[in-house]
Amino acid sequence: MKKFTRLSFALISLLLAFNAFAQKPVQPLEGVTKQRTYQRCGTDEAIQHQMQTDPQFRAMMEKREKDYQDFLAANRNSPVLARTSALTGPVTIPVVVHIVLPNPNIVTDADVQYFINRLNLDFSGFNPDSTNGAPFYNVRGHSLLRFQLARRDPSGNYTTGVERKVGTTNIAGGEPQPIKNAATGTGGLSPWPFQQYYNLWVGAAPGLLGIAPAIGVGTAASDGVCVNYQSFSNSGCGYTIPAYALARTAVHEIGHNFGLFHTFSGCTTGADFGQLTSAACTLPPALLAGSDDTPTQGTPTSGCPLGSVASNCAGIANPPGKMYQNYMDYTDDPCYSMFTIAQVDRMHYVLEFCRGGGYLTTQGHLPPVGMPILDAAAMAIVSPGGSELIACNAVSYPTPVCPGAFQPKVRIENRGSATLTSVTVTLSINATVLATQTFTGLNVATYANTVVTFTAAQNLVAGNNNILYTISAPNGGVDLVPANNTVTSTVIIASATAAPFTQNFTGTLFPPANMTNNLAANWVRNGAGNGNAGSAFIDNYNNATVGAISDLRTFPITPGPLPLDSLVITWDLAHKNYGIQGGVSYDDTLVVLVSNNCGATFTEVWKRWGTTLATAGTTQNEYLAPIAADWAQRRVAIGGSLITNGPVIVVFRNKNRYGNNIFIDNINVFAFAAVANDAAITSIVNPTTILCGTSFTPRITVKNNGTNAITGLTINYQLNAGAPTAAVDYPVSLAAGATLSLDLSPVATVPV
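Mapped onto our numbering, the consecutive letters of the sequence shown carry residue numbers 187 to 938.
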């Protein structure tokens with residue numbers, strides 16, 4: 187960011203950057219190899235947006251710049267004394283990683299630990315890949331910041347330092363960040379006390395790699411950075427972007443949070459050593475422009491340069507050129523390698539004086555006193571109703587809506603100091619013990635977890651199913667902390683609803699009482715509706731997880747007494763297609779499926795995508811408010827074995843392609859019963875519209891729309907205004923649903 191003595195220029199230049207960031211970036215789809223573009227960091231843009239919209243913030247920054255200029259003027263003939271840090275050794279900062287994703291388990295504990303290890307290498311300055319920064323070794327900094335996953339929560343209890351939540355909240359382009367709020371309907375996790383813990387959020391971020399709340403410390407609600415899960419770590423599951431797979435997006439953003447600007451803030455010396463933008467703290471003059479030890483640089487670096495690269499600022503010798511190796515540039519991760527001495531001094535000051543001294547005294551990184559040797563904890567129910575990661579695939583076990591079998595699975599964690607090698611788990615439903623199994627051959631280290639699967643399937647019944655998993659006998663011994671040995675959930679299986687089924691989403695409960703969401707929980711209620719207030723809504727515009735599938739399901743529906751001709755499904759739809767950008771089509775897909783075996787298998791009965799799905803044309807703006815003309819009713823009828831073999835579940839499935847939003851309203855599922863005897867003439871085959879001659883033999887096509895077989899038809903006909911012919915009986919053999927062509931009595935002379 188420019189020095190604030192040049193506020194007008196800074197606002198104009200960075201406003202352009204802010205507007206560019208708002209554009210939808212290119213998203214790679216299946217079969218498309220075009221490289222997507224990413225904004226390396228959104229912090230500058232967020233600060234400049236605040237400058238434009240928050241007069242108090244702007245006034246604060248202008249005053250800080252004036253205060254600094256007044257200080258320089260008053261001390262023109264006196265040197266600015268360097269600051270001496272009181273830190274005598276490394277300071278361990280407890281870290282809490284908050285992960286909010288449709289499948290948060292895709293970011294594994296190993297991924298999180300890789301991230302922690304990289305932070306410590308890079309902030310210490312002992313990273314082994316530092317050789318590309320040799321021209322700047324004379325100013326290479328070694329900070330005393332060290333990071334460790336929290337092991338003690340604010341209440342003094344054990345913690346892994348990792349929180350996961352199923353949700354679809356994306357990282358935003360500024361504060362407030364909904365992902366930082368546990369009350370966010372689409373999923374969020376609130377921060378831990380920011381003066382004792384360092385909070386970091388991992389989530390999806392369309393087109394953005396990371397963002398910090400300020401240059402310096404944020405507030406109790408905002409402090410801590412947000413990092414795109416695709417640039418958070420180095421996953422063996424392949425979801426990370428290769429250019430950003432060394433966890434250095436977090437290094438860059440944490441640098442902001444500890445007081446550092448981008449090195450490309452301008453060609454004026456000291457442009458990247460301005461005053462903090464956080465309200466609660468300021469730096470002393472000794473850490474401002476006069477301490478700048480980075481070469482001036484006016485534009486960011488991209489990619490991974492080799493050798494010396496000329497700065498775009500006059501007077502900068504080349505070599506060494508610009509310091510693209512600095513973590514505060516925009517270089518790809520493999521070419522990042524250093525902070526400078528003066529940057530480290532700024533971070534140390536923020537550590538000591540801007541966080542209430544909490545990091546110097548916190549105990550959050552230490553396990554609770556008297557950690558037990560044996561302590562196995564029940565973390566979460568995986569099946570039914572949860573998910574796990576198997577060979578890089580997130581496998582979900584949706585909450586059942588019908589009675590029947592499920593495979594019991596539960597996640598356990600080792601909270602003892604001894605490696606967990608065996609454990610006994612008991613499963614009870616409605617206070618009745620159904621199974622007890624001892625799992626041996628485990629190798630679960632302290633703080634690690636695993637999923638255990640019962641050998642035998644168990645059954646859920648209609649009504650309430652109060653599920654209880656109980657852990658006992660870790661390593662064959664006594665569990666010393668029995669308070670964490672149980673985990674429970676309730677699965678309510680309602681009786682099948684008789685058709686007709688209706689849902690117009692006017693109630694605020696979502697999903698409504700007669701429907702369920704899948705684990706991704708992408709479908710939410712929206713206030714816009716067709717003829718009423720409310721609809722089911724899915725956000726594809728901001729969801730960068732291409733290929734994500736989200737299901738909205740009805741509870742089982744009994745079609746009604748047989749025989750039936752069909753079960754008819756109607757719904758109102760509103761959608762604008764995003765269209766093509768950068769040669770890529772962003773075509774979301776909506777599919778309707780049905781199951782008559784309680785979700786064991788599904789049959790696709792309707793599918794549309796792109797322009798065939800759209801009801802209101804195309805727009806590259808986010809589609810947020812359908813008007814009445816945007817809505818269109820869609821209809822599909824199913825029959826045969828799909829409605830005769832059992833109750834039917836109807837699924838509305840969204841397949842995300844990062845396109846635009848979809849609204850569904852006024853769902854109706856009703857039975858259509860055919861009458862017993864119903865013959866219909868479907869076409870006149872002869873005569874055609876032009877007749878040559880005066881005689882012909884009439885031919886018609888007849889269909890049996892009834893349920894009984896037809897053995898005879900009585901037919902007469904009339905030509906022009908003439909008298910009807912005498913009725914004639916025609917013996918036929920026409921099964922239900924069948925058609926035939928039938929010749930009638932010939933016409934000798936056509937009346938004129």
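Don't be surprised by glycine CBs; every beta carbon is placed ideally from N, CA and C.
If you're wondering where the values come from, they're calculated on a predicted model, not measured in any experiment.
What does the Cβ neighbour count give for residue i, buried or exposed, with the cut at 16 atoms within 10 Å?
i	result
N579	exposed
H328	exposed
E574	buried
F447	buried
T801	buried
N303	exposed
A457	buried
L492	exposed
Y772	buried
P470	exposed
F312	exposed
L646	buried
S417	buried
A391	buried
F190	Per-residue confidence for F190 stands at a pLDDT of 32, beneath the threshold of 50, marking its modelled position as unreliable; the derived number appears in the next sentence. Buried.
C540	buried
Using DSSP with H/G/I as helix, E/B as strand and the rest coil, what is residue i?
i	result
Q382	coil
Y344	strand
F640	coil
L474	coil
I401	coil
L828	helix
F396	A small correction: the amino acid at residue 396 is Gly; Phe does not occupy that position in the sequence shown. Three-state DSSP puts G396 in a strand.
C412	strand
T317	helix
R541	coil
M533	helix
D916	Inspection of the sequence shows that residue 916 is occupied by Tyr rather than by Asp. Looking at Y916 - three-state DSSP - the assignment turns out to be strand.
M524	strand
G460	coil
Q483	strand
D751	coil
T935	coil
Y655	strand
A815	helix
H448	coil
F788	coil
Tell me, please, which residues DSSP counts as bridged to residue i.
i	result
P280	Q334
T740	M701
S927	T887
N872	R885
S781	I835
F625	V609
W709	None, per the DSSP bridge assignment.
N600	A562
Could you give the C-beta distance for residue i and residue j, rounded to a whole number, given that I count them as a contact under 8 Å?
i	j	result
P686	F858	About 11 Å separates the two Cβ atoms, so there is no contact after all.
V914	T897	The pair is not a contact, with the Cβ atoms about 15 Å apart (cut-off 8 Å).
Y415	L287	6 Å
L753	P745	5 Å
I829	T688	I829 to T688, Cβ: 18 Å. No contact.
P668	G602	Not confirmed; about 13 Å, so no contact.
V837	L920	The pair is not a contact, with the Cβ atoms about 36 Å apart (cut-off 8 Å).
T454	T482	7 Å
I735	V822	Not quite, the Cβ-Cβ distance comes to about 20 Å (not below 8 Å), so this is no contact.
Y513	V437	5 Å
Does the distance from the C-beta atom of residue i to that of residue j stay below 7 Å?
i	j	result
Y344	P554	yes
A564	V673	yes
P280	A336	yes
V325	I527	yes
Q529	P594	no
S464	A400	yes
G441	V536	no
T610	S658	yes
A634	N600	yes
Q225	G393	yes
Q511	G319	yes
Below 6 Å, is the gap between the Cβ of residue i and the nearest heavy atom of the ligand MG?
i	result
F450	The ligand MG is absent from the structure shown, which contains no ligand whatsoever.
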